[in-house]
Structure formats: C-alpha cells, structure tokens
Amino acid sequence: MEDIYKIILYSAFSGITVFIGGLLSKFYGGGFKTDNSKAELFHFITAFGGGILVAAIALVLVPRGMEKLNLPILMLAFITGAFSVFFIDRKLQKSGNTLSQLLAMLLDFIPEAIALGAIFATDPKTGILLAIFIGLQNLPESFNSFQDLKSNGLSDKKSLIILFFLSFSGILGAIIGYLFLKDLPQVTAFLMVFASGGILYLIFQDIAPNVKLKKSWLPALGANLGFLIGMIGEKLIQ
Numbered sequence: 106m107e108d109i110y111k112i113i114l115y116s117a118f119s120g121i122t123v124f125i126g127g128l129l130s131k132f133y134g135g136g137f138k139t140d141n142s143k144a145e146l147f148h149f150i151t152a153f154g155g156g157i158l159v160a161a162i163a164l165v166l167v168p169r170g171m172e173k174l175n176l177p178i179l180m181l182a183f184i185t186g187a188f189s190v191f192f193i194d195r196k197l198q199k200s201g202n203t204l205s206q207l208l209a210m211l212l213d214f215i216p217e218a219i220a221l222g223a224i225f226a227t228d229p230k231t232g233i234l235l236a237i238f239i240g241l242q243n244l245p246e247s248f249n250s251f252q253d254l255k256s257n258g259l260s261d262k263k264s265l266i267i268l269f270f271l272s273f274s275g276i277l278g279a280i281i282g283y284l285f286l287k288d289l290p291q292v293t294a295f296l297m298v299f300a301s302g303g304i305l306y307l308i309f310q311d312i313a314p315n316v317k318l319k320k321s322w323l324p325a326l327g328a329n330l331g332f333l334i335g336m337i338g339e340k341l342i343q
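Going by the working numbering, the sequence shown opens with residue 106, and the numbers climb by one from there.
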C-alpha cells in the first residue's frame with residue numbers, strides 16, 4: 106500500500122473519534138443518576154484529555170521539534186503558538202463563548218494531522234504514534250466539546266454535524282502535510298512546537314482549572330491515566 110493510502114487510513118481512524126466522542130456525549134453525557142456522578146465523569150474525562158495532551162507535548166511534539174530547530178527558532182515557534190492561542194481564547198471569553206475544549210482539540214488535531222502526513226514517508230513509526238495520540242486525544246476532547254457547543258446554544262443535531270465534518274479535517278490536513286511538507290522537516294517541526302505552545306497555554310488556562318472537583322479525588326487521576334496511555338503508546342512504537 107502506498108504511503109498516501111496509509112496516511113488517509115490512519116488519519117481517518119484517528120479523526121473519526123471526534124464524531125464518536127460527540128455521540129457518546131449525546132447518549133451518555135446525561136445518563137447518570139446524580140449530578141455528582143455526572144460532574145465526576147466530565148471532570149475525569151477533561152483531566153484524561155489533558156493528560157494525553159501533556160503526553161503529546163512531552164513525548165512527541167517538543168522532542169521532534171527540538172531535533173530539527175535551533176534555539177531561537179524553537180523559542181519563536183513556542184512563544185508564537187502560546188500568544189496566538191492567548192489572543193483567540195481571550196476573544197472567545199469576551200464574547201461569552203466557552204469553547205476551550207473545542208479550541209484545544211482543533212489546535213492539537215489539525216497541526217498533528219499535518220505533521221502525520223509530513224513525516225510518515227520518512228518516519229512511519231512516529232506517524233503511527235501521532236495517529237494513536239490524535240485518536241486518543243480527540244475522544245475525550247470531543248466528548249466535552251459537544252457539551253461546549255450545546256452550552257453555546259447549538260442543538261444536538263447541529264453540534265454533531267459540526268463534529269462530524271471536523272472528524273474529516275484530519276484527512277485533509279494529513280494529505281496537505283504529505284504533499285507539501287514531507288521534504289520540509291524544519292517547517293513540520295516549527296508547526297509541532299507552535300502547537301505545543303498553544304496547547305500548553307490552554308491546559309493551564311482552561312482545562313486544568315476546571316478539573317478540580319470539591320470532595321472528589323477521582324478526576325485528577327484521569328490526567329495520570331491519560332499520560333500513562335501516552336507513555337505506553339510511545340514505548341510500544343519504539
């Protein structure tokens with residue numbers, strides 16, 4: 106099978122979890138007997154997604170970026186990513202939107218999908234690892250993104266339609282990466298570090314503060330589980 110078909114296959118499998126997470130949120134997000142158990146579930150899932158995001162930064166995005174970029178460019182990519190998301194997040198908050206989970210998902214999903222396509226031809230193991238990370242990250246993030254979309258006034262149907270089309274954006278990103286960036290490793294590395302800066306900002310600005318739940322210690326363990334799964338994925342691919 107040619108690389109392009111493998112890229113489409115892996116990016117499709119990792120992207121479809123966006124829609125699956127939305128479906129799970131629709132049918133099971135409200136199916137708990139007490140508000141407390143429902144709150145614990147959402148906080149645990151948020152923490153789990155945050156743990157996987159940290160794993161993606163620590164194990165894939167930054168290490169690969171540091172291999173290819175010199176220090177000034179590395180710093181520029183990271184700082185630019187952080188401040189870009191800072192301005193977007195602040196604008197969303199001023200407008201009254203609460204779309205941090207959706208923003209985090211897109212900031213991780215699209216750059217990593219582009220990187221997946223760009224590096225798959227020369228480093229298929231890293232490409233597969235990225236596909237695993239993308240799929241794992243998208244599931245809890247889209248679970249919460251569905252609730253974010255509903256809280257902003259969208260119906261269940263419209264929220265699912267948005268997530269359905271977003272699930273295919275990874276295929277487009279991966280193809281773009283393969284066609285235009287596979288021979289430009291430094292550009293790919295810049296993109297990965299740029300995404301890292303933005304994701305890290307969102308983790309500590311919007312995701313981590315919402316994980317803590319009074320008189321409940323379970324949600325924080327979700328972050329440990331997310332990072333653990335990231336380590337397992339990295340080790341299995343090596």
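By construction, the Cβ of each residue, glycine as well, lies at the ideal position given by its N, Cα and C atoms. In this text, all values refer to a predicted model and were calculated from it rather than measured experimentally.
Under a three-way DSSP split, which group does Leu221 fall into?
-> Walking along the sequence shown from the start, residue 221 turns up at place 116. In the three-state DSSP reduction, Leu221 falls in the helix class (H, G or I).
CB contact check: Ser264 to chain B, cutoff 8 Å | This model lacks chain B altogether; it includes just one protein chain.
Rounded to a whole number of angstroms, what is the C-alpha to C-alpha distance between Ser116 and Val292?
-> As a first step, residue 116 must be located in the sequence shown, where it is residue number 11. As a first step, residue 292 must be located in the sequence shown, where it is residue number 187. Going by C-alpha positions, Ser116 is about 20 Å away from Val292.
Just tell me which of Lys319, Gly282, Lys255 has its CA closest to the CA of Leu207.
-> Sequence index remark: in the sequence shown, residue 207 carries index 102 (1-based). Ranking Lys319, Gly282, Lys255 by Cα distance to Leu207 puts Lys255 first.
Helix, strand or coil: which one does DSSP assign to Leu129?
-> The residue you call residue 129 lines up with position 24 of the sequence shown. DSSP, reduced to helix, strand and coil, places Leu129 within a helical segment of the structure shown.
Go ahead and label Tyr283 buried or exposed: buried means 16 or more other beta carbons lie within 10 angstroms of its beta carbon, across all protein chains shown.
-> Numbered from 1 along the sequence shown, position 178 holds the residue referred to as residue 283. Tyr283 is buried by the Cβ-count criterion.
Closest to Val298 by CA distance: which of Gly154, Ser272, Val167, Ala163 is it?
-> Taking the first residue of the sequence shown as 1, we reach residue 298 at position 193. Nearest to Val298 by alpha-carbon distance, out of Gly154, Ser272, Val167, Ala163, is Val167.
Would you report the Cα separation of Ala218 and Leu197, rounded to the nearest angstrom?
-> Position 113 of the sequence shown, counted from the start, is the residue given in the question as residue 218. Position 92 of the sequence shown, counted from the start, is the residue given in the question as residue 197. Rounded to whole angstroms, the separation of the alpha carbons of Leu197 and Ala218 is 24 Å.
Gly134 vs Gly331 beta-carbon contact at 8 Å | Sequence index remark: in the sequence shown, residue 134 carries index 29 (1-based). Sequence index remark: in the sequence shown, residue 331 carries index 226 (1-based). Not a contact, by the Cβ cut-off of 8 Å.
Closest Cα partner of Met210 within the set Ile193, Ala226, Ala313, Leu244 = The sequence position of residue 210 within the sequence shown is 105, counting from 1. With respect to the C-alpha of Met210, the residue from Ile193, Ala226, Ala313, Leu244 having the closest C-alpha is Leu244.
First and last residue of the uninterrupted alpha helix (DSSP H) at Lys312 | One-based indexing of the sequence shown puts residue 312 at position 207. Per the sequence shown, the amino acid found at residue 312 is Ile instead of Lys. First-last for Ile312: undefined, no H or E at that position.
Please determine, among Phe225, Leu181, Ile237, Ala152, the residue with the shortest C-alpha to C-alpha distance to Ile337.
-> Position 232 of the sequence shown holds residue 337. When C-alpha distances from Ile337 are compared across Phe225, Leu181, Ile237, Ala152, the shortest belongs to Ile237.
Take Leu129 as the anchor and find which of Ile112, Asp261, Asn315, Thr185 has the nearest alpha-carbon.
-> Your numbering for residue 129 matches position 24 in the sequence shown. Considering only Ile112, Asp261, Asn315, Thr185, the residue with the shortest C-alpha distance to Leu129 is Asp261.
So, are the CB atoms of Leu268 and Phe124 less than 8 Å apart?
-> By one-based count along the sequence shown, residue 268 stands at place 163. By one-based count along the sequence shown, residue 124 stands at place 19. Annotated as proximal: Leu268 and Phe124, with beta-carbon spacing under 8 Å.
Residue ranges of each alpha helix (DSSP H) within the region 272-297, 4 or longer = Runs found: 274-286.
Taking C-beta to C-beta, are Glu107 and Pro324 nearer than 8 Å?
-> Stepping through the sequence shown from its first residue, residue 107 is reached at position 2. Stepping through the sequence shown from its first residue, residue 324 is reached at position 219. Not closer than 8 Å, so no.
Just how far apart, CA to CA, sit Phe251 and Lys287?
-> Here residue 251 refers to the residue found at position 146 when the sequence shown is read from its first residue. Here residue 287 refers to the residue found at position 182 when the sequence shown is read from its first residue. Straight across, the Cα-Cα distance linking Phe251 with Lys287 is about 33 Å.
Neighbourhood of Ile150 by C-beta, 8 Å cutoff - its chain only, sequence neighbours within 5 removed = For the purposes of this step, residue 150 is taken as the residue at position 45 of the sequence shown. The answer, listed in chain order, is Pro245, Phe248, Asn249, Gly327.
Ile178 to Asn315, Cα distance in whole Å?
-> In the sequence shown, residue 178 corresponds to position 73, counting from 1. In the sequence shown, residue 315 corresponds to position 210, counting from 1. One C-alpha to the other measures close to 33 Å.
Reduced DSSP secondary structure (H/G/I, E/B, other) of Leu265 | One-based indexing of the sequence shown puts residue 265 at position 160. Leu265 sits in a helix when the DSSP states are folded into three classes.
Taking the C-alpha atoms as reference points, what is the distance between Gln242 and Ala223?
-> Your numbering for residue 242 matches position 137 in the sequence shown. Your numbering for residue 223 matches position 118 in the sequence shown. The straight-line gap from Cα to Cα measures roughly 20 Å.
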